[in-house]
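Residue numbers (mature numbering (1 follows the signal peptide of the UniProt record, and there is no 0)): -27 to -1, 1 to 174.
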Amino acid sequence: MRLTVLRAAGTAVCVLMGAVVGFSAKADVSGSAPLQAQAPLVTPLHDADIDYVLTGPAGQHLHQRMRWTSTSWRQRIEPEGSATVMLTDYHTHILMVLDGTKRTATVMPAPGGSFAAPGTPAAGSWRRMGQGRIAGEACTIWESTDTDRHPTTFCYTEDGLMLGAVHDGKPVVEAVSVSRSPQPLEVFDPPPGYRRVESPR
């Protein structure tokens, strides 16, 4: 769950160097830990239920709930104040957009062709920046760049939970609560009575 998924879900993106805005960071000494991972795990290893606060371009804040089931690689995204819920199945690469007002489930290919399976380090170029703590959880700050080569920082836990992201020096997303409790599988399916709609390709 890196940039593509986060953007598609309305969740996070990126950045800063050295001291990361919103994170209490302490830079690592280059070369001091040669056996450390060279890239983060970006997909949760366990079930997860995370409440994020997103910061929009104008500084507005919005909560968004993300739930993940590790048994079937499925994600549920619930933006605050929206009748829309997004269900993504990363085994089948299918995204369902639920509309609570029309009671429809619109089906389309899931974005993000570079999905990293649980336990697989993320592809691309990453630089370990230090340690942070968000929502009471320790996380490692990693720097990367987006497709426009803008600097990006993420804070990931050792078990693949993204807790925060800063892009071009501006906080974009930060976790405010984290749970690793088992998630009921039924929340990753459309509710009974929803009409399936195939999205035009």
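Beta carbons: idealized from backbone N, C-alpha and C, even for Gly.
Would you give the residue range spanned by the beta strand (DSSP E) that residue 137 belongs to?
-> Within the sequence shown, the letter at position 164 stands for residue 137. Looking at the DSSP string, the run of the beta strand (DSSP E) that includes residue 137 is 135 to 140.
Could you pull out every residue in the same chain whose Cβ sits closer than 8 Å to the Cβ of residue 34, ignoring the five residues on either side in sequence?
-> Taking the first residue of the sequence shown as 1, we reach residue 34 at position 61. Taken in chain order, the residues that qualify are 26, 27, 28.
Residues near residue 14 in its chain [Cβ-Cβ closer than 8 Å; skip 5 each side] = As a first step, residue 14 is located in the sequence shown; it is residue number 41 there, counting from the start. Taken in chain order, the residues that qualify are 89, 91, 92, 93, 94, 95, 129, 131, 132, 133.
Please confirm if the region 160 to 172 is in contact with the region 63 to 78, defined as three or more CB-CB distances below 8 Å between the two stretches.
-> Here the region 160 to 172 lies against the region 63 to 78, with 3 or more beta-carbon pairs under 8 Å apart.
Please specify which runs of the beta strand (DSSP E), each continuous and at least 3 residues long, are wholly inside the region 60 to 89, giving them in chain order.
-> Here the runs fully enclosed are 67 to 72, 77 to 82.
Is it buried or exposed for residue 58, if we count other Cβ within 10 angstroms and need 16 for buried?
-> Your numbering for residue 58 matches position 85 in the sequence shown. Buried is the call here.
For residue 171, is the classification buried or exposed, using 16 other Cβ atoms within 10 angstroms of its Cβ as the cut-off for buried?
-> Reading the sequence shown from its first residue, position 198 is the one you call residue 171. It counts as exposed.
Classify residue 186 as helix, strand or coil using the three-state DSSP reduction.
-> Nothing about residue 186 can be reported from this structure: the residues present for the chain run from -27 to 174 only.
Please report the residue range of the beta strand (DSSP E) in which residue 104 lies.
-> Residue mapping note: residue 104 aligns to position 131 of the sequence shown, counting from 1. The continuous beta strand (DSSP E) containing residue 104 extends over residues 100 to 107.
If you compare alpha carbons, which of 169, 32, 37, 61 is closest to residue 55?
-> Against the sequence shown, residue 55 aligns to sequence position 82. For the residues 169, 32, 37, 61, the minimum Cα distance to residue 55 belongs to 37.
Member of 63, 155, 103 whose CA lies at the smallest distance from the CA of residue 111 | Numbered from 1 along the sequence shown, position 138 holds the residue referred to as residue 111. Among 63, 155, 103, the Cα nearest to that of residue 111 belongs to 103.
Length of the line joining the Cα atoms of residue 173 and residue 39 | As a first step, residue 173 must be located in the sequence shown, where it is residue number 200. As a first step, residue 39 must be located in the sequence shown, where it is residue number 66. Approximately 26 Å, taken between the alpha carbons.
Span of the beta strand (DSSP E) holding residue 129?
-> Reading the sequence shown from its first residue, position 156 is the one you call residue 129. Start and end: 124 to 129.
Nearest-angstrom Cα separation, counted from residue 51 out to residue 79 | Indexing the sequence shown from 1 puts residue 79 at position 106. Indexing the sequence shown from 1 puts residue 51 at position 78. C-alpha separation (whole angstroms): 15 Å.
By how many angstroms is the C-alpha of residue 114 removed from the C-alpha of residue 108?
-> By one-based count along the sequence shown, residue 108 stands at place 135. By one-based count along the sequence shown, residue 114 stands at place 141. Cα to Cα, residue 108 sits roughly 14 Å from residue 114.
Which same chain residues, not among the five before or five after residue 20, have their C-beta less than 6 Å away from its C-beta?
-> What you label residue 20 is simply residue 47 of the sequence shown in a count that begins at 1. If the five residues before and after residue 20 are omitted, its C-beta is found closer than 6 Å to the C-beta atoms of 42, 43, 155, 156, all from its own chain and listed in chain order.
For residue 12 versus residue 99, is the C-beta spacing smaller than 9 Å?
-> Position 39 of the sequence shown, counted from the first residue, corresponds to residue 12. Position 126 of the sequence shown, counted from the first residue, corresponds to residue 99. A contact, by the Cβ cut-off of 9 Å.
Distance, residue 152 Cα to residue 45 Cα | Within the sequence shown, residue 45 is the residue found at index 72, counting from 1. Within the sequence shown, residue 152 is the residue found at index 179, counting from 1. Going by the C-alpha atoms only, they are around 18 Å apart.
Residues bridged to residue 24 [DSSP beta-bridge criterion] = One-based indexing of the sequence shown puts residue 24 at position 51. Answer is 38, 150, bridged to residue 24.
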